[in-house]
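Protein chains in written order, with the working numbering: chain A, 1 to 330; chain B, 1 to 362; chain C, 1 to 399. Just so you know, even glycine gets a beta-carbon here, dropped at the ideal spot from N, CA and C. Scroll down for the structure; my scribbles are underneath it.
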Amino acid sequence: MFAYLVRRVLLMLMLLFLLSVSVFLLFAILPGDPARLTCGKACTPAIIESNRHRLGLDEPPLTQYVKFVSGIFVGRTFSADSPQPIKCDAPCLGYSFNRQEQVMSLIARSAPVTFFLAIGAFVIWIVVGLALGIFAALNRGRWGDRLIMGISLIGYSMPSFFLGLLLVFFVIIKWQFLPFPAYVAPWENPFQFFQTMLLPWILLATLYAAFYIRLTRNQVLEVLSDDYVRTARAKGLPERTVVVKHALRAGLTPIVTAAGLDLAGLLGGAIISENIFSLPGLGALAISSIIDSDLPLITGITILTAAIIIFANLVVDLLYAVVDPRVRVI
Amino acid sequence: MTATSEEPLSGMPIVGSADRPFLSVNDLHVTFPTEDGLVQAVDGVSLSVERGKTLAIVGESGSGKSVTAQAIMGLVNRKSATVTGEIWLDGQELINLPQREVQELMGMEIAMIFQDPMSSLHPFYRIGDQIVEAIRAHRSIGKAAARRETLEMLQHVGIPAAERRIDAYPHQLSGGMRQRVMIAMALINSPQLLIADEPTTALDVTVQAQILELIARLQGEFGTTVILITHDLGIVADVADDVAVMYGGRIVELASTTTLYDLPEMPYTLGLLSSVPRMDQKLPERLDPIRGNPPSPIRLPKGCVFQPRCDYWQRVPGEACLTVRPDLLESDPDHWVRCHLKVEERKQIARDVKQILAGGGE
Amino acid sequence: MTNQTSDVLDVTDLRTYFPVRSRGLIPRTIGAVKAVDGVSLSLDAGETLGLVGESGSGKTTAARSILMLVRPTGGSVKIDGEEITDLSARKLMPIRRKAQMIFQDPYNALNPRHTVGAIITAPFKVQKVVPPGGVKKGVLELMERVGLNPEHYNRYPNEFSGGQRQRIGIARAIALRPKLIVCDEPVSALDVSIQAQILNLLRDLQKEFGIAYLFVAHDLAVVRQISHRVAVMYLGKIMETAPRELIYSRPLHPYTHSLLSAVPVPDPKRQAHRKSRIVLHGDLPSPIDPPSGCVFRTRCFQAQERCAVEVPPLVELAPGHHVACHFPIAVEDLPARAEVQALTADDPQEATPDVQIVSREEAADGAAGAAGKGRGAQEEALDEGGAAEEGVSLNKPRA
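Below is the structure:
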């Protein structure tokens, strides 16, 4: 198990390395000169050149990359030879000259918003998805099952921006159940925090829950007809034990994988929801960085998001090994 | 015992001489609704087994043999299927028993082993824990005591190094070992009735021999009654006292094993016996299989279910085979046959076919 | 074995190994599962060779290696005189006209989205062959020939029963009049009455077209019915091969004896009289770490010291009767009831043969991990003392 863990971590580091290299290369070959973009209307070749130097873009790509990586571990200083050097503390993911701020601190400001958004939605969708999915499977073919499946189909097929706009229009504008969203940290004003997050949570959770209801129902139905569940019945175990201990244990395990990866994907930013509800999260930050062609910020967010997913993959695999004894040996 | 109304029997087919059979099934029907209509998976099965004996239920896929076994075991899902008739186990009727009481019997009085020992054991739990669970579902004894008992049983069914294997997961064992574990689990509460559904089909022939010997040995020790579901006529001859041959959801022939193999009267049984390639006879140039395919359970023929594949139906005067379902009638004492042919005619056909089989080939 | 050029199939010293990797930080190949280890056999036109063995014996891998569905590690396979082990997939195409395969599960071997007509037409299309009278006419004739109703041309495989599906598979296999058909357990998934129909069909087709069959099966009675010669495999090696009459009436290898005596006979009187039954204990040893010397010795009632040291060669003891055993034994010399007790004893040294590292055929065929639904679920070795940390796992072979 330990060797497996070490190997997986090494593999993860290698993946991260490859990923950062490819992100770097990608932006290097991308059309458009980032230095040109940093330069306003009154642009002269001299300004472009100086900006290029400030950004460090005049150096060979390899040097740029080495500096970037070392910045993550020991920090770095931009424009070191200029009168106003910009210090970027470790872990430094770069410096956004557009926003005059370290990429890391920009991310650090947005990340909690996305984190709360994702975790809240995750809890709701897992609880709702599993509960309704299991219920539907156990009552297959009856009206409860059909109702749940019908609703989940609607939720599943509804575009998220449409559902989001519906929620905003009715709940906030027409009925005025909730005030306009204005994000505050939960420790500053818990009440306002919940008021703001409620609809985004519902929006995200609806989309995912619709999918998880179906996934859960299919999984549970499949294991319920498995031979070992029949064996459990033949032992004379109470139906609840048969379902919970024998069927669900095996049936819900694959859902761990899906859920872990979905959560990781959300932690990288929920672009549509954040935009609809004006939440200053990672998704909103990513969008605006793209609109502004803020290259350092785009690079930083891309690498961070990918790292989260790679890490989540590792966690999911380890979790799986804990749940399913057949996996442990690998 | 009550007599079934449709069948002109004075009682039920009771094979053997016991006054009161240990298990008797009376006019069992199992119906599944499907998109194509109702499927009569089991259509009026009546049989009985004496205590300590082995009854084999033989049939091809779709004959209803497995559903019959699952109905006796109580494993047919009542939400999706209708089960009617009577199943008497040692003086207790099972079909109308409340679910709670059925659960108390399952795994305690009646136990079952299945065809595929890999998929029948839960992949996530250690085999010892799975057996301990079977003990503690019925008896209030401590975990340590249950584990001791499990270990003893694992040793008893011939699992080497059982003290190590008790903590193994199913995937760490070979097919034969897994089936031994299933047997240990089934017999741990000393059930009176063991239902074995194709217990050796997934196993190699040398392992199959081991498992059959094990079941026979344990049956002798515990005095268990065994119902063996199989398609393998060789195994039946090896271990069964009585045989019920099923076709299209019905029993078509029921007799003691020696009688059935000696002089099978139902043309289907005869066809089955001559379809099997045999190692103990001269090699025929060609096998003599039953022609055609088994009937679809949704569209059963109106008359005798076997008629479309039968070579002898034209010997019956009139169109009885095409229009009238034959009843299961006693042709000799303890030999029940469902066929319109006259008894003497059937016997003559069987003798002729056996003659050809014995003399044919190289 | 004979090396005549007239042989339809000539296999010499065929070896198919699957690499075994260690599980440390850096996985490395530490051994090999010798699924097929030095198999030689040959087939004449119109002849059937039965290849018999338990699961894990390597018979299926051997069959697939012969058709290059699994690339063998070494040895030679000649089909109709042509060496095919080195041929690229493209150059194998013409060979596929001569050598076809029928599978155990006819349902999984047929594309559910193709009609029966399309399935049987495929070989003509792929090989660009037009039978006299046109493809459609040829397909209809084939359907009729194998006992399918030609009116079912436009139906899909799921509308057919198992026996009919196997007929579809047979029609596809014989479409191009191959000289050789490798049949992998073609009747073991079928009901008894259907099984006999298919066996008769195969025999009739052989007589009509002179096809040679390599008939892989575990059912000895079935093999007896269809084969002219029989080869018995155990743990990747051929133990005994002989003409049918000899192997069933005068087997010489202890393993063949035990296989034969384990087959139940559908006759209660004979069963009761059969006293000299050899009961093999334990299971197949692990193919990763096979016993030294003779691979069968751990379960053999004849085993002596020499068997652990020396690999018995396959020698011809009677015309056409080859046996790989130091101590072959005739029927009349068999002990009344031979058993091997040592293996059931709780002696940890001897107990391992019962446990398998891999799930037999599955693993040997490289489908490691197929057993679990889980991601990459693998079979674990419960090796001595539970030292699971440095066990082994199987890797997928190149297929």
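Own chain residues within Cβ distance below 8 Å of residue i, not counting five before or after
i, result
"B/Leu270", "Pro264, Ile349, Ala350, Val353"
"C/Leu190", "Gly162, Gly163, Gln166, Ile198"
"B/Gln115", "Asp197, Glu198, Pro199, Thr201, Ala202"
"A/Val315", "Gly260"
Secondary structure of residue i, DSSP reduced to three states
i, result
"C/Val129", "coil"
"C/Glu339", "Residue confidence for C/Glu339 is low, a pLDDT of 48 falling below 50, so the modelled location carries little weight and cannot support an answer."
"C/Gln304", "coil"
"A/Thr77", "strand"
"B/Phe114", "coil"
"B/Leu194", "strand"
"A/Asn189", "coil"
"B/Lys282", "coil"
"C/Lys78", "strand"
"B/Met153", "helix"
"B/Pro267", "helix"
"C/Lys237", "strand"
"C/Ala377", "A caution first: C/Ala377 carries a pLDDT of 29, below 50, which makes its placement in the model unreliable, though a value can still be read off. C/Ala377: coil per DSSP, three-state reduction."
Close beta carbons around residue i, own chain, < 6 Å, minus the five adjacent residues each side
i, result
"B/Ala196", "Ile113, Leu228"
"B/Val181", "Ile127"
"B/Thr206", "none"
Proximity test, Cβ basis, 8 Å: residue i and chain B
i, result
"A/Leu252", "no"
"C/Ala221", "yes"
"A/Ala136", "no"
"C/Ser258", "yes"
"A/Asp317", "no"
"C/Val139", "no"
"C/Asp354", "Only weak support exists for where C/Asp354 lies, its pLDDT of 32 falling under 50; the value from the coordinates is given anyway. Yes, because at least one Cβ of chain B sits closer than 8 Å to the Cβ of C/Asp354."
Test: residue i CB closer than 8 Å to a CB of chain C
i, result
"B/Leu272", "yes"
"B/Gln130", "no"
"B/Gln208", "yes"
Length of the line joining the Cα atoms of residue i and residue j
i, j, result
"A/Lys305", "A/Gly269", "According to the sequence provided, residue 305 of chain A is Thr. The question's Lys does not apply to it. Roughly 8 Å between the two C-alpha positions."
"C/Gly282", "B/Gly318", "58 Å"
"A/Gln64", "A/Ser96", "15 Å"
"C/Leu260", "A/Val322", "45 Å"
"C/Met1", "C/Asp7", "Annotation note: pLDDT 45 at C/Met1 (below 50); position unreliable, no value reported."
"A/Arg52", "A/Asp58", "6 Å"
"C/Glu82", "C/Val182", "17 Å"
"C/Val135", "C/Pro150", "14 Å"
"B/Pro333", "B/Thr258", "13 Å"
"B/Val343", "B/Glu35", "40 Å"
"A/Arg142", "A/Val242", "21 Å"
"C/Thr94", "C/Lys179", "Residue 94 of chain C is actually Pro in this sequence, not Thr. If I take the Cα positions, the gap works out to 12 Å."
"C/Gly46", "C/Arg177", "12 Å"
"B/Asn189", "B/Asp241", "24 Å"
"B/Gly292", "B/Pro308", "8 Å"
"A/Thr216", "A/Ala137", "8 Å"
"C/Ile119", "C/Ala109", "10 Å"
Proximity test, Cβ basis, 8 Å: residue i and chain A
i, result
"B/Tyr363", "No information on residue 363 of chain B is available, as it lies outside the stretch 1 to 362 that chain B covers here."
"B/Ala111", "yes"
"B/Pro98", "no"
"B/Asp116", "yes"
Sequence-distant residues of the same chain with beta carbon closer than 7 Å to residue i, five excluded per side
i, result
"A/Pro200", "Leu117, Ser273, Phe277, Leu279"
"A/Ile173", "none"
"B/Met266", "Val245, Val252, Glu253, Val337, Arg338, Cys339"
"A/Phe211", "Tyr156"
"B/Ala237", "Thr257, Tyr261"
Residue i: CB within 7 Å of a non-hydrogen atom of the ligand SAH
i, result
"B/Ala161", "The ligand content of the structure shown is nil, which means the ligand SAH is not present either."
Please give me, in chain order, every unbroken run of the alpha helix (DSSP H) with length at least 4 that falls completely inside the region 92–172 of chain A. 103–138, 143–157, 160–167
Could you list the residues in the region 237–267 of chain A with a C-beta less than 7 Å from some C-beta on chain F, going in chain order? In the structure shown, chain F cannot be found, because the protein chains are A, B and C.
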